[in-house]
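In order, the protein sequence lines correspond to chains A, B and C. Residue numbering for the first sequence follows numbering that gives the first Met the number 0, beginning at 0 and increasing consecutively. Residue numbering for the second sequence follows numbering that gives the first Met the number 0, beginning at 0 and increasing consecutively. Residue numbering for the third sequence follows numbering that gives the first Met the number 0, beginning at 0 and increasing consecutively. Beta carbons are placed, not taken as given, at the ideal position from N, Cα and C, and that holds for glycine. Note that the coordinates shown come from a computational prediction; the quantities given were computed from them, not determined experimentally.
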Amino acid sequence: MWQMTGRFIRKWFHRLGSPRWFYQVTGKWLPWLALVTVGLLMVGSLWGLGFAPQDARQGNSFRIIYIHVPISVLSLAGYYVMAAAGAVALIWKVKLADMVMVSAAPLGAALTFLALLTGAIWGKPTWGTYWVWDARITSMLVLLFLYLGVIALNQAFTSRDTAYKACAILSLVGTVNIPIIYKSVDWWYTLHQPATLKLTGASTIHPSMLKPLIIMILGFYSFYALVLILNTRAEILTRERRSSWVKELREP
Amino acid sequence: MASAPLLEIQAIAFERDDRTLFSDVSVCLAAGEIMQVSGPNGCGKTTLLHILATLKPPAHGQMLWRGDDIRADRFGYLADIAFIGHQPGLKLALSARENLIWCARLHGLPVSGKIDMALDRAGLSHCKDVPCSTLSAGQLRRVALAVLHLREALLWLLDEPLTALDHEGISELEAMFRSHLGEGGIIVFSSHQALSLAGVRNLPLTEYAASLN
Amino acid sequence: MFGESSFGGILRRDLLLAFRRGSDVLNPLFFFMMTTSLVPLATGPSASQLALIAPGIIWITALLATLLTLDGMFKDDFADGSLFQIILSPQPLWLLVLAKVLAHWLVAGLPITLVAPLLALMLALPDAGYVPMVIGLAIGTACFSMVGAVGAALTVALQRGGVLLSLIVMPLYFPVLIFGASAVHRAVEGQDYYPVLALLGAFFTFALLTAPFAAAAALKVGING
Numbered sequence: 000m001w002q003m004t005g006r007f008i009r010k011w012f013h014r015l016g017s018p019r020w021f022y023q024v025t026g027k028w029l030p031w032l033a034l035v036t037v038g039l040l041m042v043g044s045l046w047g048l049g050f051a052p053q054d055a056r057q058g059n060s061f062r063i064i065y066i067h068v069p070i071s072v073l074s075l076a077g078y079y080v081m082a083a084a085g086a087v088a089l090i091w092k093v094k095l096a097d098m099v100m101v102s103a104a105p106l107g108a109a110l111t112f113l114a115l116l117t118g119a120i121w122g123k124p125t126w127g128t129y130w131v132w133d134a135r136i137t138s139m140l141v142l143l144f145l146y147l148g149v150i151a152l153n154q155a156f157t158s159r160d161t162a163y164k165a166c167a168i169l170s171l172v173g174t175v176n177i178p179i180i181y182k183s184v185d186w187w188y189t190l191h192q193p194a195t196l197k198l199t200g201a202s203t204i205h206p207s208m209l210k211p212l213i214i215m216i217l218g219f220y221s222f223y224a225l226v227l228i229l230n231t232r233a234e235i236l237t238r239e240r241r242s243s244w245v246k247e248l249r250e251p
Numbered sequence: 000m001a002s003a004p005l006l007e008i009q010a011i012a013f014e015r016d017d018r019t020l021f022s023d024v025s026v027c028l029a030a031g032e033i034m035q036v037s038g039p040n041g042c043g044k045t046t047l048l049h050i051l052a053t054l055k056p057p058a059h060g061q062m063l064w065r066g067d068d069i070r071a072d073r074f075g076y077l078a079d080i081a082f083i084g085h086q087p088g089l090k091l092a093l094s095a096r097e098n099l100i101w102c103a104r105l106h107g108l109p110v111s112g113k114i115d116m117a118l119d120r121a122g123l124s125h126c127k128d129v130p131c132s133t134l135s136a137g138q139l140r141r142v143a144l145a146v147l148h149l150r151e152a153l154l155w156l157l158d159e160p161l162t163a164l165d166h167e168g169i170s171e172l173e174a175m176f177r178s179h180l181g182e183g184g185i186i187v188f189s190s191h192q193a194l195s196l197a198g199v200r201n202l203p204l205t206e207y208a209a210s211l212n
Numbered sequence: 000m001f002g003e004s005s006f007g008g009i010l011r012r013d014l015l016l017a018f019r020r021g022s023d024v025l026n027p028l029f030f031f032m033m034t035t036s037l038v039p040l041a042t043g044p045s046a047s048q049l050a051l052i053a054p055g056i057i058w059i060t061a062l063l064a065t066l067l068t069l070d071g072m073f074k075d076d077f078a079d080g081s082l083f084q085i086i087l088s089p090q091p092l093w094l095l096v097l098a099k100v101l102a103h104w105l106v107a108g109l110p111i112t113l114v115a116p117l118l119a120l121m122l123a124l125p126d127a128g129y130v131p132m133v134i135g136l137a138i139g140t141a142c143f144s145m146v147g148a149v150g151a152a153l154t155v156a157l158q159r160g161g162v163l164l165s166l167i168v169m170p171l172y173f174p175v176l177i178f179g180a181s182a183v184h185r186a187v188e189g190q191d192y193y194p195v196l197a198l199l200g201a202f203f204t205f206a207l208l209t210a211p212f213a214a215a216a217a218l219k220v221g222i223n224g
């Protein structure tokens with residue numbers, strides 16, 4: 000009985016690690032995922048940007064949090080996705096995880112940059128300045144640098160195998176350091192608004208503003224998954240271009 | 000006549016960026032045997048030697064030393080082997096003696112008169128204490144080979160040991176090989192040239208290269 | 000004994016080489032002194048202004064000077080084949096990496112720490128700042144060497160890895176910089192700085208316990224460049 004379970008787990012682990020299987024399965028689901036993404040983002044944006052009530056202090060400029068907050072959440076979550084993929088690739092030598100990690104890096108970097116940008120846009124009317132060196136923003140900047148480091152390291156190697164392993168190690172080192180960096184920057188300067196969204200306990204944000212925000216966060220998670228899958232598919236095709244199934248795709 | 004194999008290489012394969020360099024390499028070497036890995040540049044001779052030295056893990060296969068998997072007792076295996084790569088691992092700013100002292104310390108050997116003996120055996124008695132930057136390429140090769148005398152390892156893994164050696168140097172190297180093999184050692188080396196030694200087994204690596212599909 | 004072990008062997012050889020090639024010690028020191036001297040030229044010689052920014056300037060230039068030397072930690076050994084011999088030594092690689100880090104700190108970080116008070120004098124740092132600066136730099140440069148070893152190991156086989164190395168290692172230096180400079184600031188403002196140095200020490204301990212293993216793993220990956 001245990002043997003059967005072991006074999007079952009190994010078979011699925013093998014399947015999940017196969018780039019070809021991933022490519023074929025995601026090919027079927029992608030249109031639905033795209034539909035869900037567009038749906039969530041549209042509903043969330045219209046609700047948040049159009050229909051949610053104005054903020055007492057900030058007026059209409061606060062509405063950018065419907066974009067800024069989800070993107071910030073994703074940029075940090077994305078780093079952990081990248082690092083986890085790297086860990087799986089390093090420990091269990093799963094090729095697919097390598098490709099996911101490498102696809103997550105530019106995606107995360109772009110999201111972090113957008114988070115900083117939208118934060119700056121929010122900052123000008125709200126606090127009078129585009130940029131301020133407080134804990135949150137500075138930590139987000141460090142996150143951007145960590146991403147850029149992984150991207151740069153990936154580019155530097157001619158051997159893909161070494162590049163992936165090196166990036167996995169760097170991502171893991173960064174993961175260990177993120178809490179330390181956050182805490183040290185936090186300790187160094189705290190000006191930013193306290194988090195309006197707590198996962199446990201009552202949020203300090205009004206429900207009528209909270210609901211569209213949650214929808215936007217879900218929508219951006221869906222968006223992240225969509226773009227990550229698309230990038231990974233491109234990476235799969237590039238890396239496996241010499242194999243027979245890819246050649247069949249080109250000339251059926 | 001076949002004695003128990005000391006080194007067993009079983010179905011070793013190596014892949015780099017989804018390209019299989021070689022696969023299913025299987026060899027058994029007993030004490031006193033010498034094997035030459037041959038093939039054109041780029042076919043993976045250095046990689047195979049690196050795998051044998053545990054510098055790189057193989058994609059498939061395993062290696063046994065004295066009947067045990069190398070991975071089970073890597074340090075034990077490392078104590079029994081001496082690897083000399085393309086670059087011999089010498090600092091030019093240091094003298095031959097200082098370089099050998101470093102080697103001794105690195106492998107847990109006592110710093111003693113053995114170093115002088117090793118340098119003498121390598122024919123370097125007159126230039127032990129001058130900076131290696133003043134030595135010729137051939138003399139530098141001899142310093143690298145002096146390390147072999149010092150280490151007294153059973154398995155020698157040598158990557159292109161014949162480079163920078165003249166005729167005299169090559170015959171000295173062959174003599175060194177002969178005495179090592181006579182003492183029951185094993186030698187695996189890569190080279191384009193052939194040695195004038197009897198009983199050199201050949202491993203043409205291109206025969207193990209995967210066919211392009 | 001200690002000096003005869005692999006750890007001692009690596010330490011002694013690296014120190015001997017640095018001693019013979021004096022530029023290993025002097026060049027980063029000169030860089031440190033010169034870049035620090037650039038600051039008054041750029042911001043004006045007013046002592047009160049310099050005193051305000053002195054802690055930060057010295058820490059930043061110390062960081063940059065250390066970064067410059069980081070590239071050579073493993074690269075020289077990789078180029079002449081010594082690194083393979085180190086990896087093939089029957090001693091745990093993390094221990095040998097630690098020897099390399101110690102040698103690097105003794106050659107780069109320690110001289111910087113010892114020269115820093117002189118530069119602080121030139122930048123009009125108030126008296127209270129000297130002690131926390133020296134202690135902080137001693138620990139901080141050790142952190143730089145330790146954490147930097149991981150980056151140096153990853154980029155060991157890359158031809159022009161210098162700037163890339165700085166990019167990947169600098170984010171990891173931020174906490175060290177924050178704590179180190181803050182300690183001096185607090186001392187200058189008359190506040191208690193021991194807790195901040197303790198935080199720096201905690202970071203060093205954490206790095207000491209994790210970085211050698213990460214660097215050893217990174218070396219085994221990096222040599223395949």
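Test: A:D160 CB closer than 9 Å to a CB of chain C: yes
Interface residues of chain A facing C:L163 [CB-CB closer than 7 Å]: A151, L152 and A155
Option in C:T140, C:T34, C:P39 and C:M145 with minimal Cα separation from C:A206: C:M145
Spatial distance of B:W64 from B:L153 (CA atoms): 11 Å
Distance between A:M208 and A:W28 (C-alpha atoms, nearest Å): 32 Å
A:M235 to C:I167 span [Cα, whole Å]: The question names Met, but residue 235 of chain A is Ile in the sequence shown. If I take the Cα positions, the gap works out to 26 Å.
Interface flag, B:E259 vs chain C, CB-CB below 9 Å: This structure cannot speak to residue 259 of chain B, because chain B is shown only from 0 to 212.
Strand pairing of B:T19, partner residues [DSSP]: B:E14
Best match in C:A137, C:P211, C:F18 and C:S36 for proximity to C:S176 [C-alpha to C-alpha]: A small correction: the amino acid at residue 176 of chain C is Leu; Ser does not occupy that position in the sequence shown. Cα-wise, what sits closest to C:L176 is C:A137.
Nearest-angstrom Cα separation, counted from A:W244 out to A:V99: 20 Å
C:D126 at chain B interface by Cβ criterion, 9 Å: Chain B places no beta carbon closer than 9 Å to that of C:D126, leaving this residue out of the contacts.
Burial state of C:T65 (16 or more Cβ within 10 Å): C:T65 is buried by the Cβ-count criterion.
Inter-residue CB distance, C:I134 and C:L196 (contact presumed, cutoff 8 Å): Indeed they touch by this definition, with Cβ atoms about 6 Å apart.
DSSP three-state assignment for A:K197, whether helix, strand or coil: Bear in mind that a pLDDT of 36 at A:K197, under 50, signals an unreliable position, so the model cannot answer this.
Nearest-angstrom Cα separation, counted from C:A78 out to C:A98: 19 Å
At least three beta-carbon pairs within less than 8 Å, the segment 73-87 of chain C to the segment 28-46 of chain C: Verdict: no, contact absent.
Enclosing beta strand (DSSP E) for B:N201 [first to last residue]: If you look at B:N201, you'll find it in the beta strand (DSSP E) that goes V199 to P203.
Three CB pairs or more closer than 8 Å across the segment 79-89 of chain B and the segment 146-160 of chain B: yes
Residue burial classification, A:T237 (beta-carbon count within 10 angstroms, cutoff 16): exposed
Cβ shell of A:R9 (< 7 Å), same chain only, five flanking positions each side left out: none
Residue nearest to A:G218 in terms of C-alpha spacing, selected from A:R249, A:V24 and A:L32: Of the residues A:R249, A:V24 and A:L32, the one whose Cα lies closest to the Cα of A:G218 is A:L32.
9 Å Cβ cutoff, A:S71 in contact with chain C: no
Short CB-CB distance (under 9 Å) between A:R238 and chain B: yes
Residues near B:R177 in its chain [Cβ-Cβ closer than 8 Å; skip 5 each side]: L196
Validate contact between the segment 24-37 of chain B and the segment 184-202 of chain B using beta carbons, cut 8 Å, 3 pairs: Touching, yes.
Within chain A, the residues that C:V149 reaches when beta carbons sit closer than 9 Å: I168, L169 and V172
Below-9 Å beta-carbon distance, C:L101 vs any chain B residue: no
Minimum Cβ-Cβ distance from C:G135 to chain A less than 9 Å: no
9 Å Cβ cutoff, C:G221 in contact with chain A: yes
Rounded Cβ spacing between A:A84 and A:L171 (contact assumed at less than 8 Å): Contact annotation, A:A84 with A:L171: C-beta distance approximately 11 Å; criterion of less than 8 Å not satisfied.
Span separating the alpha-carbon of A:L48 from that of A:R62: Cα to Cα, the separation comes out at about 6 Å.
B:I50 versus B:S22, B:L118, B:L139 and B:G38, residue with shortest Cα-Cα distance: The residue with the shortest Cα to Cα distance from B:I50 is B:S22.
Proximity below 9 Å, CB of C:L257 to CB of C:F143: Residue numbering for chain C in the displayed model covers 0 to 224; residue 257 of chain C lies beyond these limits and cannot be assessed.
Near-chain A residues of the segment 50-83 of chain B - C-beta to any C-beta below 8 Å: Cβ contacts with chain A come from no residue of the segment 50-83 of chain B.
B:H59 (DSSP reduced to helix, strand or coil): strand
C-beta contact flag for A:V35 and A:I216 at 9 Å: no
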